[in-house]
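Student: Please read through the structure below; I'll follow up with questions.
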Amino acid sequence: MRFPLVALALALAAIANPAGAQPAAAPTTLTLNEAMRLAEAAHPSVRAREAQLAAAEGTRSEAAALLFNNPELSTEAIRRRADAPVGSWNEWSVGISQPFETGGQQARRREAAAAGLDALRAEIDDVRRQARVEAATRFLAVLSAQRRVQLEQRSVDLFERSAQAVAKRRAAGEDTRLDANVALVEAERARNALALAGERLIDARSELGTAVRLPPSALPEVAGELGTKVDDALPYRLEQLLASAPNLPRQRALAAREDAARARLGVERGNRNPDVTIGVHAGREGPSDARERLAIVSLSVPLPLFKRNDAAVGQAITDMTQAEVERASALRDAEVRVRQLWSRLASQRERIQRLQRVLVPASTDNQQLSAKSREAGQIGLLDQLIVNRQAIDAERDLIDLLAEMQTTRIELEYAAGWPQQGSSR
Numbered sequence: 009m010r011f012p013l014v015a016l017a018l019a020l021a022a023i024a025n026p027a028g029a030q031p032a033a034a035p036t037t038l039t040l041n042e043a044m045r046l047a048e049a050a051h052p053s054v055r056a057r058e059a060q061l062a063a064a065e066g067t068r069s070e071a072a073a074l075l076f077n078n079p080e081l082s083t084e085a086i087r088r089r090a091d092a093p094v095g096s097w098n099e100w101s102v103g104i105s106q107p108f109e110t111g112g113q114q115a116r117r118r119e120a121a122a123a124g125l126d127a128l129r130a131e132i133d134d135v136r137r138q139a140r141v142e143a144a145t146r147f148l149a150v151l152s153a154q155r156r157v158q159l160e161q162r163s164v165d166l167f168e169r170s171a172q173a174v175a176k177r178r179a180a181g182e183d184t185r186l187d188a189n190v191a192l193v194e195a196e197r198a199r200n201a202l203a204l205a206g207e208r209l210i211d212a213r214s215e216l217g218t219a220v221r222l223p224p225s226a227l228p229e230v231a232g233e234l235g236t237k238v239d240d241a242l243p244y245r246l247e248q249l250l251a252s253a254p255n256l257p258r259q260r261a262l263a264a265r266e267d268a269a270r271a272r273l274g275v276e277r278g279n280r281n282p283d284v285t286i287g288v289h290a291g292r293e294g295p296s297d298a299r300e301r302l303a304i305v306s307l308s309v310p311l312p313l314f315k316r317n318d319a320a321v322g323q324a325i326t327d328m329t330q331a332e333v334e335r336a337s338a339l340r341d342a343e344v345r346v347r348q349l350w351s352r353l354a355s356q357r358e359r360i361q362r363l364q365r366v367l368v369p370a371s372t373d374n375q376q377l378s379a380k381s382r383e384a385g386q387i388g389l390l391d392q393l394i395v396n397r398q399a400i401d402a403e404r405d406l407i408d409l410l411a412e413m414q415t416t417r418i419e420l421e422y423a424a425g426w427p428q429q430g431s432s433r
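My numbering numbers the first residue of the sequence shown as 9 and each following residue consecutively.
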């Protein structure tokens, strides 16, 4: 009997833990700086941009060559037959030719390649900043969701205590059935709000894990505070942010793209000038009794009568004009965005100060007063529930506003090119 029992135990163990099952990943605790650093290092957009560096560096290396065109080596061997007594003989020639550009195109190619590489590097910096902003925003969303869960748990405890107290008073004949039902409904609403807050916390943690590229099964924990102090002055003024905006990586990238477009226009205009091809050839001709040694220097120049490279020049002018327009538009949009976010941040800080100074303390005080008044029979259950609901709503508003303010601050620093936390540079 022992063997069947052992086999049964093994079978039950296999059912409980199938072969393909994977253990749940342990939660990863992240700080804000760690989240931004991980997002910057592993974001697909950053890696995709960095993969373009090889092409840009190859273009620059090619443009650094002394000449754009390679020399051409030619050789020729001829066997001649004649009716003369000499019969047949061999002739041969060898030569080398080199085209030379006369419009200074190679120097412009070097300028275009260098500007293109600078633009790509600036774009990589900009994508890194975007990745850090995304991670910081997701991080703050988790902090806010955690605060909401804590608040909703307090709400559940508060309304459950009220429901239990009303149930006891109803059993003693002091409260009505309506009071008991109202208290029960409020308690159930609080439980539903807690469950919803828990779902939003899971979503926020999942989005943060995606932003920092954790394994799909990992839901990161966060360590930090949402922040409640708004009385401290900001570390920058509007004038400083506006002065910093033109130095944004995106602005530097657009400026470099404009320089590259201008250099390519110089290349195409230079291509209107005909290339000069110089060749040197040597060889032997004639029968064996009258051999001739040849040394030939050749010079060829195409006549630009029909093709003047107008299409390429026109396209280059269009590209340069578009780059100029895009850069000017981006500069204006950056200033508008900084001013907009600055005004929003100032308004949010003012609203938070009012909430912290007036609404939240008054709501907390009302809770204490309503509890005493309820015990003294001065107010009914409905009045006390309204006061409790107001206090909970006031704290919800404060949590949401704190999260919005922190998000606005992150967006403002990004829009102005202000140094961010967690930056590797």
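Cβ coordinates follow ideal geometry from the N, Cα and C atoms, glycine included. Computed from a predicted structure; not experimentally measured.
Which two residues bound the contiguous beta strand (DSSP E) that contains Phe-108?
Tutor: That run of the beta strand (DSSP E) goes 96-108.
Student: Give me, in chain order, the residues of the same chain whose beta-carbon lies closer than 8 angstroms to that of Ala-47; leave out the 5 immediate sequence neighbours on both sides.
Tutor: Excluding sequence neighbours, Ala-47 sits near Ala-139, Arg-140, Glu-142, Ala-143, Ala-219, Val-220 and Arg-221.
Student: State the Cα-Cα distance for the pair Pro-52 and Arg-382, rounded to the nearest angstrom.
Tutor: Approximately 59 angstroms between the Cα atoms of the pair.
Student: For Thr-37, which residues does DSSP report across the bridge?
Tutor: Note: Thr-37 sits in a beta bridge opposite Glu-229.
Student: Would Thr-416 be called buried (16 or more neighbouring beta carbons within 10 Å of its own) or exposed?
Tutor: Classification of Thr-416: buried, given that the 10 Å Cβ count is 16 or more.
Student: Among all the DSSP beta bridges, which residues are the ones paired with Val-305?
Tutor: For Val-305, which the question treats as bridged, DSSP gives the partners Val-288.
Student: From Gln-386, Glu-266, Phe-167 and Leu-75, pick the residue whose C-alpha is nearest to that of Leu-393; which is it?
Tutor: Per the Cα distances, Phe-167.
Student: Using three-state DSSP, classify Ile-210 as helix, strand or coil.
Tutor: In the structure shown, Ile-210 sits in a helix (DSSP, three-state: H, G or I).
Student: In this structure, how does DSSP classify Trp-426 when only helix, strand and coil are distinguished?
Tutor: Trp-426: coil per DSSP, three-state reduction.
Student: Quick check on DSSP: helix, strand or coil for Glu-182?
Tutor: In this structure, Glu-182 counts as coil in the three-state DSSP scheme.
Student: Please go through the same chain and pick out, in chain order, the residues whose beta-carbon is closer than 7 angstroms to the beta-carbon of Glu-58, but skip the five residues on each side of it.
Tutor: Cβ neighbours of Glu-58 beyond the five flanking positions: Ile-132.
Student: Using the Cβ count rule (16 or more neighbours within 10 Å means buried), how would you classify Ser-152?
Tutor: Counting Cβ neighbours within 10 Å, Ser-152 comes out buried, since at least 16 surround it.
Student: To the nearest angstrom, how far is it from the Cα of Trp-100 to the Cα of Ile-286?
Tutor: Their Cα atoms are separated by approximately 20 angstroms.
Student: Rounded to whole angstroms, what's the CA-CA distance from Asn-41 to Asp-267? Just pull it up for me.
Tutor: If you take the alpha carbons of Asn-41 and Asp-267, they lie about 35 angstroms apart.
Student: Are the CB atoms of Phe-76 and Arg-117 within a distance shorter than 8 angstroms?
Tutor: The answer is yes: Cβ separation under 8 angstroms.
Student: Just verifying my parser: in three-state terms, what is the DSSP assignment at Ala-29?
Tutor: At Ala-29 the pLDDT is 39, less than 50, meaning the model places this residue with poor confidence; the figure from the coordinates comes in the next sentence. Three-state DSSP puts Ala-29 in coil, outside helix and strand.
Student: Strictly by DSSP, which residues pair up with Ser-82?
Tutor: Bridge partners of Ser-82: Gly-103.
Student: Check whether the segment 60-80 touches the segment 254-271, counting contact only when three or more Cβ pairs, one atom from each stretch, lie closer than 8 angstroms.
Tutor: Segments in contact, no.
Student: Is Arg-316 helix, strand or coil when you go by DSSP?
Tutor: Three-state DSSP puts Arg-316 in coil, outside helix and strand.
Student: Following the continuous alpha helix (DSSP H) through Pro-369, name the residue where it begins and the one where it ends.
Tutor: Residues 368-383.
Student: Measuring CB atoms only, is the segment 398-408 touching the segment 366-378, in the sense that at least three cross pairs come out at less than 8 angstroms?
Tutor: At 8 angstroms Cβ cutoff, the stretches touch.
Student: Taking Pro-257 as part of the alpha helix (DSSP H), name the residues at either end of that continuous run.
Tutor: First-last of the alpha helix (DSSP H) with Pro-257: 257-278.
Student: Report buried or exposed for Arg-169, applying the criterion of at least 16 other Cβ atoms within 10 angstroms of its Cβ.
Tutor: With fewer than 16 Cβ atoms within 10 Å of its Cβ, Arg-169 is classed as exposed.
Student: My understanding is that Arg-327 touches Arg-272, with C-beta atoms under 8 angstroms, so please give their C-beta distance in whole angstroms.
Tutor: At residue 327 the sequence reads Asp, which differs from the Arg that was named. With a Cβ gap of about 7 angstroms, Asp-327 and Arg-272 count as contacting.
Student: Would you check if the distance between the CB atom of Val-284 and the CB atom of Val-309 is smaller than 8 angstroms?
Tutor: Contact flag set, yes.
Student: If distances are taken between C-alpha atoms only, which option among Glu-84, Gly-66 and Gln-113 comes closest to Glu-276?
Tutor: That would be Gln-113, whose Cα lies nearest to the Cα of Glu-276.
Student: What first and last residue would you give for the alpha helix (DSSP H) that runs through Gly-66?
Tutor: That run of the alpha helix (DSSP H) goes 61-71.
Student: Just to confirm, is the Cβ distance from Gly-124 to Ala-198 under 8 angstroms?
Tutor: No; because the gap between Cβ atoms is not below 8 angstroms, this pair is not in contact.
Student: By Cβ distance below 7 angstroms, which residues in the same chain neighbour Gly-206 in space, the five residues on each side in sequence not counted?
Tutor: Same-chain partners within the cutoff: Val-157.
Student: Along the chain, where does the alpha helix (DSSP H) containing Ala-251 start, and where does it finish?
Tutor: 246-252 is the extent of the alpha helix (DSSP H) around Ala-251.
Student: By DSSP's criteria, Glu-293 is part of a beta bridge. Which residues make up the other side?
Tutor: For Glu-293, which the question treats as bridged, DSSP gives the partners Glu-300.
Student: Out of Gly-278, Pro-295 and Arg-245, state which residue places its alpha-carbon closest to the alpha-carbon of Val-321.
Tutor: Out of Gly-278, Pro-295 and Arg-245, Gly-278 has the C-alpha closest to the C-alpha of Val-321.
Student: Given that a residue counts as buried once 16 or more other Cβ atoms are within 10 Å of its Cβ, and exposed if not, what is Arg-301?
Tutor: Under this definition Arg-301 is an exposed residue.
Student: Within 10 angstroms of its Cβ, does Phe-108 collect 16 or more other Cβ (buried), or is it exposed?
Tutor: Exposed, because fewer than 16 other Cβ atoms sit within 10 Å of the Cβ of Phe-108.
Student: Assuming Glu-160 contacts Ala-201 under a Cβ cut-off of 8 angstroms, what Cβ separation, rounded to an integer in Å, is found between them?
Tutor: The Cβ separation is near 5 angstroms, so the contact holds.
Student: So Gly-66 and Ser-82 are in contact, right, with Cβ under 8 angstroms, and what is the actual spacing, rounded?
Tutor: Their Cβ separation, rounded to whole angstroms, is 29 angstroms, which puts Gly-66 and Ser-82 out of contact at 8 angstroms.
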